[in-house]
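Sequence positions in the sequence shown follow this note's numbering and run 41 to 192.
Right, one structure below, let's go through it.
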Amino acid sequence: MRNGRFVFVLGLATSVATGACAETFRTPEALIEALYAPYLADGDQSERDTFFSDGLTRLFEADAQASQGEVGAIDFDPVVNGQDFDIENLRVGEAEITGPSAVVTVHFDNLSVPVTLRYALTDEDGNWQVDDIESIEGDNQWKLSEIFAEAR
């Protein structure tokens, strides 16, 4: 599984470096729905960088560089709160918008396990982007930015 984790982070960094086509998300809910669309369809997350803020992208890139080809700070897919996924019953909450920031709570079942994630979003020039992700339920609660900070 170490290789799978590395491929996930490397794929993200590579797609950022190659400048994948940026899509514009006018509402926080549209961003979250688009983020989960590949997980519900074919599972292809190769364009995931288009959903992340500049700040979150930099954290992933710095972690990939610091890990020097090994597993970095993130050894799971934070969008599904696990390594494997079979998403069912996806429910995207209504965004709580405060100026250029928003919070959206997402509920779903992953491999029959209930998951609740809270997304912190930022508006970057009229385009909503994921700035942080937090697991707020269950035994394994985490916040993406804190995992990166602890790894430094």
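Beta carbons are placed, not taken as given, at the ideal position from N, Cα and C, and that holds for glycine.
DSSP state of residue i, grouped into three classes?
i	result
I221	Any question about residue 221 goes unanswered here, given that the chain covers just 41 to 192.
E190	helix
F142	Here residue 142 is Ala; the residue named in the question, Phe, does not match the sequence. It is a strand residue.
S175	strand
Q181	coil
F65	coil
D149	strand
E110	coil
Q85	coil
With a 10 Å radius around its C-beta and 16 neighbouring C-beta atoms as the bar for buried, classify residue i as buried or exposed.
i	result
P118	buried
N180	exposed
S152	exposed
P68	buried
Give every residue of the same chain whose Cβ lies closer than 6 Å to the Cβ of residue i, excluding the five residues on either side of it in the sequence, and list them in chain order.
i	result
A75	Ala is not the amino acid found at residue 75; the sequence shown has Leu there. Contacts found: F91.
K183	E174
Using a Cβ-Cβ cut-off of 8 Å (strictly less than) and excluding sequence neighbours within five positions of residue i, which residues of its own chain qualify?
i	result
I127	Y76, Y79, L80, V120, F148, D149 and N150
Residue range of the alpha helix (DSSP H) that residue i falls in?
i	result
R158	Here R158 belongs to no alpha helix (DSSP H); instead the beta strand (DSSP E) covers V153 to D163.
Consider the C-beta atom of residue i and the heavy atoms of the ligand MN; say whether any pair is separated by less than 7 Å.
i	result
D117	Although the ligand MN was asked about, the structure shown includes no ligands whatsoever.
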